[in-house]
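Engineer:
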Ligand SMILES: Cc1cc2nc3c(=O)[nH]c(=O)nc-3n(C[C@H](O)[C@H](O)[C@H](O)COP(=O)(O)OP(=O)(O)OC[C@H]3O[C@@H](n4cnc5c(N)ncnc54)[C@H](O)[C@@H]3O)c2cc1C
Ligand SMILES: *[C@@H]1O[C@H](CO)[C@@H](O)[C@H](O)[C@H]1NC(C)=O
Ligand SMILES: *[C@@H]1O[C@H](CO)[C@@H](O)[C@H](O)[C@H]1NC(C)=O
Ligand SMILES: *[C@@H]1O[C@H](CO)[C@@H](O)[C@H](O)[C@H]1NC(C)=O
Ligand SMILES: *[C@@H]1O[C@H](CO)[C@@H](O)[C@H](O)[C@H]1NC(C)=O
Ligand SMILES: *[C@@H]1O[C@H](CO)[C@@H](O)[C@H](O)[C@H]1NC(C)=O
Ligand SMILES: *[C@@H]1O[C@H](CO)[C@@H](O)[C@H](O)[C@H]1NC(C)=O
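Residue numbers (this note's numbering): 2 to 620.
1) Hey, would you say residue 362 sits closer than 8 Å to residue 59, going by beta carbons?
2) Alpha carbon to alpha carbon, how far is residue 385 from residue 459?
3) Is residue 369 close to chain B? Criterion is C-beta to C-beta, closer than 8 Å.
4) Do the segment 563-570 and the segment 596-603 make contact, defined as three or more Cβ pairs closer than 8 Å?
5) DSSP puts residue 550 in a beta bridge; with which residues?
6) Closest to residue 192 by C-alpha separation, out of 211, 239, 156, would be which residue?
7) Considering only residues of the same chain and omitting the five flanking positions on each side of residue 27, which have a CB-CB separation below 6 Å?
8) Check this for me: beta carbons of residue 578 and residue 338, under 8 Å apart or not?
9) Since residue 359 contacts residue 259 with CB under 8 Å, what's their CB separation in whole angstroms?
10) Under 8 Å between the Cβ atoms of residue 479 and residue 348?
11) Please enumerate, following chain order, all residues with a beta carbon closer than 6 Å to at least one heavy atom belonging to ligand 7.
12) Measure the beta-carbon distance from residue 440 to residue 412 and round it to whole angstroms, keeping in mind my assumption that it falls under 8 Å.
13) At a cut of 8 Å, does the segment 75-84 reach the segment 130-146 through at least three beta carbon pairs?
14) Compute the distance between the beta-carbons of residue 492 and residue 158, then report whether it is under 8 Å.
15) Here's the rule I'm using: 16 or more other beta-carbon atoms within 10 Å means buried, otherwise exposed. How should residue 450 be labelled?
16) Taking residue 149 as part of the beta strand (DSSP E), name the residues at either end of that continuous run.
17) Where do the N-terminal and C-terminal ends of the alpha helix (DSSP H) with residue 397 fall, by residue?
18) Among 253, 245, 229, which residue has its Cα nearest to the Cα of residue 88?
19) Can the beta-carbon of residue 65 be found less than 8 Å from the beta-carbon of residue 276?
20) By DSSP's criteria, residue 459 is part of a beta bridge. Which residues make up the other side?
21) Do you know whose CA, among 611, 609, 603, lies nearest residue 148's CA?
22) Is residue 205 near residue 228, with beta carbons less than 8 Å apart?
23) Just the residues with CB closer than 7 Å to a heavy atom of ligand 4, in chain order, which are they?
24) Give me, in chain order, the residues of the same chain whose beta-carbon lies closer than 7 Å to that of residue 607; leave out the 5 immediate sequence neighbours on both sides.
25) Enumerate, from N- to C-terminal direction, the unbroken beta strand (DSSP E) stretches of 3 or more residues contained entirely within the segment 211-292.
26) Residue 389: beta carbon under 7 Å from a heavy atom of ligand 3?
27) So does residue 340 have its beta carbon nearer than 7 Å to some heavy atom of ligand 3?
28) Measuring only from the beta carbon, is residue 457 closer than 7 Å to any heavy atom that is part of ligand 3?
29) Could you have a look at residue 94 and say whether DSSP puts it in helix, strand or coil?
30) What does DSSP give as the partner residues of residue 488 in its beta bridges?
31) Whose C-beta lies closer than 6 Å to the C-beta of residue 327 among residues of the same chain, with five residues either side of it excluded?
32) From the DSSP output, in three-state form, read off residue 299 for me.
33) In three-state DSSP terms, what is residue 65?
34) Would you check if there are 3 or more beta carbon pairs closer than 8 Å linking the segment 297-307 to the segment 269-284?
35) Three-state secondary structure (DSSP) at residue 1?
36) Skipping 5 residues on each side, what residues in its chain have a beta carbon closer than 6 Å to that of residue 365?
Next comes the structure, spelled out in structure tokens:
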């Protein structure tokens, strides 16, 4: 049953815009005497026992919190290490997304171990440290991946429920496609038949056109073999160049905090959220059918560098581990769930030997290629010219329109290596299938970070999105607050280096097109010294400049029920123990050829139904 507030909102919903509804909501919330809320201090929690305790408020955690509390008899607590997302302008304004990480109050500030594939450089590895997790700090690209990616999940897990076709209802429950900020006619920019207009997380096309848009479309006509136009990359067949869809509503970021636990839902009486709550361990509470049960969570509040006392809370039904591909395995390792040999070396008592915890870390590498251009209408001018920057912000504040409503990439390209590529003679194709890209081209009207030295740029960053490299996440300390050792193994496999060389060459052909003639002056930075015909020259450029595209997955992979090689079963229950289910990006057994928020939301929507069935909750 809906409470009064929800019912009133449902009635008003279609006619109201979110910004006005927030004020109304506060009033309605007060009238209904709602007692659910977001707490900053654990002393204010109404109880120490909840049906479900969810660790982490990102794409996975907040989706589960919303869906489980549809049943009013169920109580849910979300524990989040970071702080509030309220009034964080950089999180609200899409164009400001690059200023949220790395090394800000909204980031965990992780760095990888020295990467052998990157000439021994450690690279930044940002993860959201805020309500909404990485969905509050990401670049908002909404990309589902290919049908092959999900069909491979189904194959690996032995559960056809993870296939592209089976997941369609969950894609629809997540997505709420809406108009762009400038309300332009979107015909020819997406395929409405593959979208949902009734889900929870808002998605829209760019709300402000960039001067390069026409040139990009012209490249798709000039070089259709290499860069075909694809009306919609979210149809399951993503190959080609498509307009970017972003998790943006009315010119403002739509995160898991503003959507799934936003004003329409947060005042449900059975939802509780505690911020600044760093979970240190899960604790054994007993045994069930010869398996150890874990239903207690240990945490401490950490605010402004001060750590409070350790406290515990209990989950009557399940602990949902949603701390992300870095946070979730880290918590398990500190709890004594992991490789017993490695744990005993550290002096941590093994409660459950599960050597796969933290193994199989997979990420996408990104090489930030750029070209100097003959124009001043690029991101750089909008960052450097303070009068222009102030006018942009004034307009956004006035009515959430204009330049700042759109993040960085108006178009994304998904490309396959040619079938004849020599690398296939030496290695099996790591992509999920023939509809799946090896390469991503991220096309932007300037650089992510404007150089102080001047100049205006075209960004054609390249990613290896079906990588063969694998890495690991381990711990090297018994201090649960110490950062884990993150080794994504970027560019450690020859296939990925080959693919990135071809990606950079592809970007160079894109920039050399007639469409960009007169606009592109030439390659900039380290790229200017690269000889495109020389593999070794490209290798050095790639190893010196590549970083993470911030899509780690796989550290608690799903696998068949009795298989030894994964960490969770197809229902996402942690193998060999009772009481813990994992719902976040760590369960993906392979990285999809996609930015990973949409896949994580989709997995979480199905996981919510699996949990509801298990506990006979209202579906
Ligand atoms: C800078 C950046 C840009 C990105 N850009 C895009 C993009 O444009 N499009 C896209 O699709 N994807 C993007 N991603 C990736 C995407 O945001 C993630 O894949 C997605 O959010 C993963 O969801 P999750 O639930 O697994 O983890 P998260 O969303 O990261 O949530 C995990 C949460 O758990 C909390 N947590 C962790 N450890 C603990 C602990 N010990 N105790 C309590 N809480 C804890 C964290 O603070 C966080 O809030 C980007 C990521 C980053 C970092
Ligand atoms: C990350 O670094 C920033 C800037 O130094 C700091 O303010 C923030 O507290 C750090 N984040 C964490 C989780 O420690
Ligand atoms: C951009 O270039 C145009 C034409 O050359 C010039 O009129 C304008 O002042 C320039 N704008 C900025 C912000 O430099
Ligand atoms: C938003 O504000 C800008 C600048 O004040 C104005 O030009 C524009 O017409 C407004 N748009 C809408 C939709 O109100
Ligand atoms: C792990 O910790 C030990 C002891 O503090 C240190 O000597 C070693 O260099 C660390 N290893 C890594 C990979 O950080
Ligand atoms: C693009 O043009 C430049 C300048 O003519 C050339 O050096 C480069 O090799 C070209 N790129 C490719 C991939 O052919
Ligand atoms: C790569 O980096 C190394 C070490 O900083 C440097 O010596 C070398 O010149 C760089 N090579 C290229 C091609 O940028």
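All C-beta atoms in this analysis are idealised placements derived from N, C-alpha and C, irrespective of residue type, glycine included. Since this is a predicted model, take the numbers as computed values, not measurements.
Structural biologist: Reading it off the structure:
1) no
2) 16 Å
3) No chain B appears in this structure, which consists of one protein chain only.
4) no
5) Paired residue(s): none; residue 550 is not in a bridge.
6) 239
7) Bear in mind that a pLDDT of 40 at residue 27, under 50, signals an unreliable position, so the model cannot answer this.
8) yes
9) About 31 Å; that fails the 8 Å criterion.
10) yes
11) 120, 527, 541, 542, 545
12) 14 Å between Cβ atoms; not a contact.
13) yes
14) no
15) exposed
16) Not the beta strand (DSSP E): residue 149 falls in the alpha helix (DSSP H), residues 148-158.
17) 387-400
18) 253
19) no
20) 372
21) 603
22) no
23) 396, 399, 400, 402, 403
24) 162, 168, 171
25) 241-244, 272-275, 278-289
26) yes
27) no
28) no
29) coil
30) 473
31) 128
32) strand
33) helix
34) yes
35) For the chain, the structure presents residues 2 to 620; residue 1 sits outside this window and is missing.
36) 464, 466, 550, 552
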